[in-house]
Amino acid sequence: MSKKTVIIYSFHTRKSKKAAEKIIEVWGKDEIDVVNAEELSREVLEKYDFFLLSAPTWFDGELPNYWDEFVPELEEMDLQGKKFAVFGLGDQKGYPENFCDAIGILAEIIENCGGEITGFTPVEGYTFESSRAQRGDQFVGLPLDQENQAQMTAGRIKNWVEELKKMTNDE
Ligand SMILES: Cc1cc2nc3c(=O)[nH]c(=O)nc-3n(C[C@H](O)[C@H](O)[C@H](O)COP(=O)(O)O)c2cc1C
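Position 79 (the sequence shown) corresponds to 78 in numbering that gives the first Met the number 0; numbering is contiguous.
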């Protein structure tokens, strides 16, 4: 059975917004709700079972401000039984030591609250030095790099969404 799914991203971003719109298109816009990350509330997190979260990395390895502001509330929540897949824009050439750190930071917070992270992707095909999003030979989400690998974004999104949809349909 299909879960109640929502995608959460900041409507004021440029590249993340475009990536989110592509994800929605591939997912099927009638099968996913859309929420602005800047207006995120506890009610939204309580309402859904499956979340696609956008976490672009800013400030040399940090979450964007709108996530930072919500984290204290998030940390108070019990997310057991809920699944989360995180995608994030980053720049592997410009910030090779902090590539897509925000994906890892958000994933850790969610796991500490009992939530399950899904949608891991292999590190193969990316060139970077270190990333908080890396666990073994995988990222704990989907890194997208419009600065250096824009031509790969559509394919990466397609593969990721197909895997996630397969998982939600199997349950
Ligand atoms: C000031 C600044 C700091 C950044 N820091 C990082 C970083 O630490 N790691 C990373 O992977 N990308 C970093 N980036 C790259 C952004 O994540 C990338 O440009 C992304 O596409 C921005 O997405 P947005 O337009 O949706 O906000 C940084 C960009 C800027 C301008």
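Note that the Cβ used here is the ideal one computed from N, Cα and C, for glycine as well.
Checklist entry - CB Asp59 to CB Glu146, shorter than 8 Å? => result Stepping through the sequence shown from its first residue, residue 59 is reached at position 60. Stepping through the sequence shown from its first residue, residue 146 is reached at position 147. Going by C-beta atoms, Asp59 is not nearer than 8 Å to Glu146.
Next on the checklist: Per the DSSP calculation, Leu51 is bridged to which residue(s)?
Outcome noted: The count along the sequence shown starts at 1 and reaches residue 51 at position 52. According to DSSP, which records beta bridges pairwise, Leu51 is partnered with Ile6, Ala84.
Next on the checklist: Is the separation between the beta-carbon of Asp136 and that of Val122 shorter than 8 Å?
Outcome noted: Locating residue 136 in the sequence shown gives position 137, counting from the first residue. Locating residue 122 in the sequence shown gives position 123, counting from the first residue. Yes.
Checklist entry - Do the stretch 3-18 and the stretch 32-45 make contact, defined as three or more Cβ pairs closer than 8 Å? => result yes
Checklist entry - Can you pull the DSSP bridge partners for Arg134? => result Residue mapping note: residue 134 aligns to position 135 of the sequence shown, counting from 1. Gln137.
Checklist entry - Hey, would you say Thr152 sits closer than 8 Å to Leu143, going by beta carbons? => result For this step, residue 152 is matched to residue 153 along the sequence shown. For this step, residue 143 is matched to residue 144 along the sequence shown. Contact flag set, yes.
Checklist entry - Rounded to whole angstroms, how far is the Cβ of Trp26 from the Cβ of Val160, which I believe are closer than 8 Å? => result For the purposes of this step, residue 26 is taken as the residue at position 27 of the sequence shown. For the purposes of this step, residue 160 is taken as the residue at position 161 of the sequence shown. With 8 Å as the limit, Trp26 and Val160 qualify as a contact, their Cβ atoms being about 5 Å apart.
Next on the checklist: So Thr167 and Thr4 are supposed to be a Cβ contact under 8 Å. How far apart are they, rounded?
Outcome noted: The residue you call residue 167 lines up with position 168 of the sequence shown. The residue you call residue 4 lines up with position 5 of the sequence shown. About 7 Å separates the two Cβ atoms, so the contact holds.
Item to check | 6 Å Cβ shell around Val43 - same chain, five flanking residues per side excluded | outcome: By 1-based counting over the sequence shown, the position of residue 43 is 44. Counting only Cβ-Cβ distances below 6 Å, and skipping sequence neighbours, we find Val34.
Item to check | Thr117 - partner residues in DSSP beta bridges | outcome: Reading the sequence shown from its first residue, position 118 is the one you call residue 117. DSSP lists Ala84 as partners of Thr117.
Checklist entry - How big is the Cα-Cα spacing for Leu62 and Leu51? => result Taking the sequence shown and counting its residues from 1, one reaches residue 62 at position 63. Taking the sequence shown and counting its residues from 1, one reaches residue 51 at position 52. Near 16 Å, if we compare the C-alpha coordinates of Leu51 and Leu62.
Next on the checklist: By the three-class DSSP mapping on this structure, what secondary structure does Ser1 have?
Outcome noted: Counting from one through the sequence shown, the residue named residue 1 turns up at place 2. Annotation note: pLDDT 44 at Ser1 (below 50); position unreliable, coordinate value reported separately. Three-state DSSP puts Ser1 in coil, outside helix and strand.
Checklist entry - Can you tell me where the beta strand (DSSP E) with Asn35 in it begins and where it stops? => result Counted from its first residue, the sequence shown places residue 35 at position 36. Asn35 -> beta strand (DSSP E) spans 32-35.
Item to check | Top-ranked residue by Cα proximity to Ala54, from Pro95, Ala18, Gly114 | outcome: Position 55 of the sequence shown, counting from 1, holds the residue named residue 54. Considering only alpha carbons, the answer is Ala18.
Checklist entry - Exposed or buried, what is Ser1 when buried is set at 16 or more other beta-carbons lying within 10 Å of its beta-carbon? => result Indexing the sequence shown from 1 puts residue 1 at position 2. Because Ser1 carries a pLDDT of 44, less than 50, the predicted location of this residue cannot be relied on, and the following value inherits that uncertainty. Classification of Ser1: exposed, given that the 10 Å Cβ count is below 16.
Checklist entry - According to DSSP, is Pro63 helix, strand or coil? => result Looking up residue 63 in the sequence shown gives position 64. Three-state result, Pro63: coil.
Checklist entry - Under a three-way DSSP split, which group does Leu39 fall into? => result As a position in the sequence shown, residue 39 is number 40, starting the count at 1. Coil, per DSSP.
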